[in-house]
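Residue numbers (the numbering used here), protein chains in the order written: chain V, 6 to 331; chain Z, 6 to 331; chain W, 172 to 494; chain D, 172 to 494; chain G, 7 to 71.
The structure under discussion appears below in the form of structure tokens.
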Amino acid sequence: MAKLTIAQALNQALEAALMEDSAVVILGEDVGKDGGVFRITDGLFEKFGGDRVIDTPLAESGIVGTSVGLAMAGMKPVAEIQFFGFIYETMDQIASQAARVRFRSLGRYSAPMVIRAPFGGGVKAPEIHSDSLEALFTHTPGIKVVVPSNPYDAKGLLLSAIDDPDPVLFLEPMRLYRAFRDEVPEEAYRVPLGKASVVREGTDVTLIGWGPSMALVLAAADELVAQYDIAPEVVDLRTLTPLDEETIVTSVQKTQRAVVVHEAVRTSGFGGEIAALIQEKAFLYLEAPVLRVTGYDTPYPMTMFEDLWLPDTSQVVTAALSSVRF
Amino acid sequence: MAKLTIAQALNQALEAALMEDSAVVILGEDVGKDGGVFRITDGLFEKFGGDRVIDTPLAESGIVGTSVGLAMAGMKPVAEIQFFGFIYETMDQIASQAARVRFRSLGRYSAPMVIRAPFGGGVKAPEIHSDSLEALFTHTPGIKVVVPSNPYDAKGLLLSAIDDPDPVLFLEPMRLYRAFRDEVPEEAYRVPLGKASVVREGTDVTLIGWGPSMALVLAAADELVAQYDIAPEVVDLRTLTPLDEETIVTSVQKTQRAVVVHEAVRTSGFGGEIAALIQEKAFLYLEAPVLRVTGYDTPYPMTMFEDLWLPDTSQVVTAALSSVRF
Amino acid sequence: MTDGMEMFPLIQRLDEEGNLIGDLGVLSLADLKETYATMRFLRTFDERAWNLQRQGVIGTYAPFKGQEAAQMGAVAALEDTDWLVPTYRDWAASYLRGVPLEHGLFFSKGHPSLGDIPVGKRVLPAQVVIAAQTLHGVGVAWATKLRHEKVATVVTFGDGATSQGDFHEAMNFASVLAVPLIFFCENNQWAISVPLARQMHAETIAQRSIAYGIEGFRVDGNDYVAVANLMHELSERVRNGEGPFLVEALTYRLGAHTTADDPGKYRAIEEEDLWIRRDPLVRLERWLRAQGQLSDEDLAAIDADSERKVEEIIAGFREALDI
Amino acid sequence: MTDGMEMFPLIQRLDEEGNLIGDLGVLSLADLKETYATMRFLRTFDERAWNLQRQGVIGTYAPFKGQEAAQMGAVAALEDTDWLVPTYRDWAASYLRGVPLEHGLFFSKGHPSLGDIPVGKRVLPAQVVIAAQTLHGVGVAWATKLRHEKVATVVTFGDGATSQGDFHEAMNFASVLAVPLIFFCENNQWAISVPLARQMHAETIAQRSIAYGIEGFRVDGNDYVAVANLMHELSERVRNGEGPFLVEALTYRLGAHTTADDPGKYRAIEEEDLWIRRDPLVRLERWLRAQGQLSDEDLAAIDADSERKVEEIIAGFREALDI
Amino acid sequence: AALVNQPVSARGGRALATPAVRRLARELGVDINMVTGTGPDGRVIADDLRAAASQPPSDTTIVGD
Ligand SMILES: Cc1ncc(C[n+]2csc(CCOP(=O)(O)OP(=O)(O)O)c2C)c(N)n1
Ligand SMILES: Cc1ncc(C[n+]2csc(CCOP(=O)(O)OP(=O)(O)O)c2C)c(N)n1
Ligand SMILES: [Mg+2]
Ligand SMILES: [Mg+2]
Ligand SMILES: [Mg+2]
């Protein structure tokens, strides 16, 4: 099997989708000739032509709003928002439009569309480019939020997202685009939406993350095992909504402790929802409060200081230790 | 002292602000001659003229974006967004612009501006008009979120919001605009931002709400006392960010139980943040999980069914009872 | 600076006195008789809905009174395979495309059936967020183009909607992508309490087409003959790949913005009177009478028929909702 | 359909051969000698910044090479009390308004000092979100109008920015409110990899002014004499309450979008060559030489001076960041 | 209804304890508020409960069921 980066795995998924279904079109800023600023759509314009892979004018609401129309009329648009921070421009078209099509029309229409966006920090990008805003969409009924953290999931989840009959926000951890390679099957396999993955079994504390934070969580898990003889269970949520509550609750009922890790600012981040859920569903099992390792409650800093701002492995280790030792 | 509705109290606050400071201007859709669709700015156009109370073109991003410019250049704009559901149009100008002015310019510029918006359900308004989206902004560093629930607070908080040197989102529970009257002093008093109010002292369970949900919380509290001999402590948050953690934690340490009530959909609502916070800060005191009474995880329904969808007093009572009996 | 009125002279075929300027174009006398009956029925419905709200039977209703010719003309040229992407005031237009008029009542009642477009009818549910549907119109038209279907899409919106960023993005996308779409603006000159002159500084909405390098048209929206003919021409042209186009239909909201609104607060009675004289129904009636095609008896029959149909609709509505 | 090129003929005063068409207008020969020296210095800085990135000293940098005349002209007429509301590529324009050039390096380094505008200078921090600043420009200009200050505001943005809804809302608000603002578009013909023809269907950006009922101008953005003269005229007019205006300055991004970008993927070398011949610096040099006002020695002196100043800036920058 | 005598825990009648310990108290049928905590800050820990459970019930305490 070929070893691919997340970027390559995504490119394969998009190519497979374009081949499988003539209703699939890719649109966004610079996704055509340029192959996207992160080269995720590289080569697709050349292979499928300008009717399938479309450079749009520079207007995010336009990209998402026309996608809603395309989708209602039977196409399957896969829109790229160049950086997640620019998603603000599209909030009405996502939350009041795409997410409500099925509801508004009593199922007469649906909006089978995917909005892809690179997100997360650590790549020294300018202001607004690195923000983690997934919690805005986990609070938006009608849209699914999917966040892969490795090449295998990236390909399989993206194909499932494109198959989905309703809108899916697909968030790609840009720091991990080319950070490592994994074995990725050639064929167009699917990874189901709505299922978390227990990437490491353990008994002492459940570490929960998604997308970019999985890198820290996995490194912290190694350290906990190696240095502290602690056996963490590691859960990669993969899909934030609909949330796989069962996997989370089962794990915490076993370990009785949990730490949630995300890059987004702390207040009202998705970590708060996870903590609220755990204390509600596994209350009598808890030996320690659910702890959160997150970004600070400030705007994402200028990148000279992003490493100071971003949660890191040692913070995850510290949180896990305080949980275990509580 | 005059007994005023929330609507009248807000009108008084706006009039006082326009009189006190020539930098204050009011802008929005239909705020001028029409006095606003809820008549909150009634009479102000006549009193202060079209340079101070301005009907803008129909464009919310334009309203907020020009307000950012006005504020950076020394004015104190008070912008009205006709219904909170249309705030999506302005997300970039609020979250990436207004909220970051001070941070971006290292304090060289600031954006002293208020964005007012009626919100919440129960008034049989069309689609998108009734959504409770406060959690999108509690997740936005750099902007304060203020939500009065009664006439006295409404006036005092709005004046404090206008005084504030940074942007404030001021959310007005439209169902309560004219629901009842309270004594409101004539003068331009202030109610400080960032301070919750313990509106009823009790020992058995802490009920937490804000804005429209306070109506249910207070009714439920009465019922708990009268019918179940339970003494709830009632906290009206008034300001969501910055949050008055101390008041919440102190109360829950005393009562050992908490129920949070909001109209917004459950997942990633601000109730999740409150629950996460309580289990973290008062963990060893908790006799029961923090419970949430919220809207369902669906788009706000067509209003024929809104009463079925909206949280009601009996749900708050039930949650308080399950907490106490846990 | 450009004089929009001069660049986009008002297209008219039937003036407010009921005089035909030129000919009927693609329309026939029979068409106009039918149109008149339908328009009268729609007017009856609209006024009746208003009264139902006043009686407390339904909630907030947005009347289309005065805009019947614009809405009917907007869809006059559409085939079964064509699309309509409407806004919240377009009950008349949607009705002609197969959406029951009850939907207007469902809307005012906050009933979900409002969104239940009959299967096979190519109409989107009424849009509440101003201008959001303009982008959906672009997407729908683009989908038909990508599939090489020979169909036209019409997206409707108000004058106020042209201030929104989405309108601009839609016009720009549509023109760059050359999609088979007609942007149809019902310029009723008010956005709730804001008159057009405070909504924009340009003289006409039609001139906004220039910003996108496409053709624009300004038509008397109270003149069904003019609107229908223009839309026949343009929908044929978009089906042939010549779109998009922008049409400004100059009309007037004779009623309040909604039943929750009081126009007395912000607009002059003289203006209303002026536009009452320009009523689209009146000029059609005058012309038909002048042709000897409409007698008092005909009129009584049309009215009776309208009443009956409206009663039926309301009965069905009440039954559906059990009220 | 309207021919934008015809309606908005390109305003030129110094052609690419260095021939003056007409006269210098409000500028003097001395002005142009100084302008040339400054432009050369700015070019030196920009090229040096590019190299610093290649050496790994700084991060992503957005070069303004080729757009110097447009940026310098945009602010040529501004007084101390006037405002500039710039976008992320406007280091040259901001520099002339009192913002140290280091800020361009701070930006590429992700250093917060980027936003630390010197006290007393009426410039906003560089904007990253495309078109967001156009609305801030309207607000700033509106504030000055409300306070009856007699000042002009200039907001700058790229061609790509004109596709955003915020641009439209800004143009519309500005025209309705009649604010003293000049919208200055640096049309460098590319938005990263997207050429203007895929960005919009209209022939010119200037013609978008018609949509708002305001005056628009299309000027050769590589011709400092033309841009500076136009901005003198317009800033005086906006101070007198005649604004807003839209200016399209036709220019070209000679470099890559940023140091992270490879234009070879999407644009033809012939096009780049064409615009190298239209370099704003070259035509100024030709003209000055023809006037006998620029010798090889003068040039060497200017270069030496530029180098020295750039070295100083970089030294200061390295010291500030301790790198 | 439960009839309870004067609580003896660290803070005026209400025990400090993790929810998991509270569960154990339920399982053992011990009124956690009657148990003296020996954990950090007087927190009731599992061993405290087990000790309390192995003691014969005091005649003044009846835990209702
Ligand atoms: C984005 C948004 N902002 C505000 C509103 C509230 N609103 C409803 S109708 C209306 C005026 C619309 O005017 P126009 O587009 O001219 O349409 P008309 O009502 O005249 O048909 C406003 C401001 C809304 N529905 N959506
Ligand atoms: C809202 C938003 N969308 C996308 C981007 C990413 N982006 C940065 S520059 C750019 C192209 C801008 O083109 P133009 O406005 O012509 O300015 P130029 O770079 O040519 O100076 C894009 C798409 C952004 N910064 N903001
Ligand atoms: Mg917008
Ligand atoms: Mg209107
Ligand atoms: Mg450009």
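Ideal Cβ positions, reconstructed from N, Cα and C, are used throughout, including at glycine.
Residue i and residue j closer than 8 angstroms at C-beta
i, j, result
"residue 265/V", "residue 297/V", "yes"
"residue 341/W", "residue 317/W", "no"
"residue 98/V", "residue 119/V", "no"
"residue 175/V", "residue 166/V", "yes"
"residue 293/Z", "residue 159/Z", "no"
"residue 415/W", "residue 353/W", "yes"
"residue 218/Z", "residue 316/Z", "yes"
"residue 406/D", "residue 251/D", "no"
"residue 282/V", "residue 253/V", "yes"
"residue 259/W", "residue 373/D", "no"
"residue 378/D", "residue 244/D", "no"
"residue 398/D", "residue 215/D", "no"
Chain W within 8 angstroms of residue i, Cβ atoms only
i, result
"residue 22/V", "no"
"residue 210/D", "no"
"residue 33/V", "no"
Minimum Cβ-Cβ distance from residue i to chain G less than 8 angstroms
i, result
"residue 194/Z", "no"
Below-8 angstroms beta-carbon distance, residue i vs any chain D residue
i, result
"residue 179/V", "no"
"residue 82/V", "no"
Where the alpha helix (DSSP H) through residue i begins and ends
i, result
"residue 184/W", "Neither: residue 184/W is in no alpha helix (DSSP H) and is coded neither H nor E."
"residue 244/W", "239–245"
"residue 309/D", "303–317"
"residue 482/W", "467–492"
"residue 142/Z", "139–143"
Neighbour flag for residue i against chain C, beta carbons, 8 angstroms
i, result
"residue 304/V", "No chain C is part of this structure, whose protein chains are labelled V, Z, W, D and G."
is_contact[residue i, chain V] using C-beta, thresh 8 angstroms
i, result
"residue 296/Z", "yes"
"residue 488/W", "no"
"residue 25/G", "yes"
Within chain D, the residues that residue i reaches when beta carbons sit closer than 9 angstroms
i, result
"residue 443/W", "Neighbours of residue 443/W on chain D: none; closest Cβ ~24 angstroms, over 9 angstroms."
"residue 369/W", "347"
Chain Z within 8 angstroms of residue i, Cβ atoms only
i, result
"residue 15/G", "Because residue 15/G carries a pLDDT of 42, less than 50, the predicted location of this residue cannot be relied on, and the following value inherits that uncertainty. Taking Cβ atoms only, chain Z never reaches closer than 8 angstroms to residue 15/G, which makes this a no."
"residue 265/W", "no"
"residue 398/D", "no"
Beta-carbon neighbours of residue i, restricted to chain V and to distances below 7 angstroms
i, result
"residue 336/D", "64, 66"
"residue 114/Z", "Here the premise fails: no neighbours, minimum Cβ distance about 14 angstroms."
Where residue i meets chain D, residues with beta-carbon distance less than 8 angstroms
i, result
"residue 30/Z", "317"
Start and end residues, beta strand (DSSP E) containing residue i
i, result
"residue 330/D", "No beta strand (DSSP E) contains residue 330/D, which DSSP labels as neither H nor E."
"residue 244/V", "244–246"
"residue 221/D", "It is not in any beta strand (DSSP E) - residue 221/D instead sits in the alpha helix (DSSP H) that spans 200–225."
"residue 125/Z", "Neither: residue 125/Z is in no beta strand (DSSP E) and is coded neither H nor E."
"residue 434/D", "Unbroken run through residue 434/D: none, as it is neither H nor E."
Per-residue contacts from residue i into chain V (C-beta, under 9 angstroms)
i, result
"residue 28/G", "288, 289"
Partner residues on chain W for residue i, Cβ-Cβ distance less than 7 angstroms
i, result
"residue 173/D", "381"
"residue 71/V", "306, 309, 310, 313, 344"
| Those residues, in chain order, that have a beta-carbon closer than 6 angstroms to some heavy atom of ligand 5 | 329/D, 330/D, 331/D, 359/D, 361/D, 362/D
| field | Around ligand 3, Cβ to any heavy atom closer than 7 angstroms, ordered along the chain | value | 66/V, 94/V, 66/Z, 94/Z, 336/W, 337/W, 336/D, 337/D
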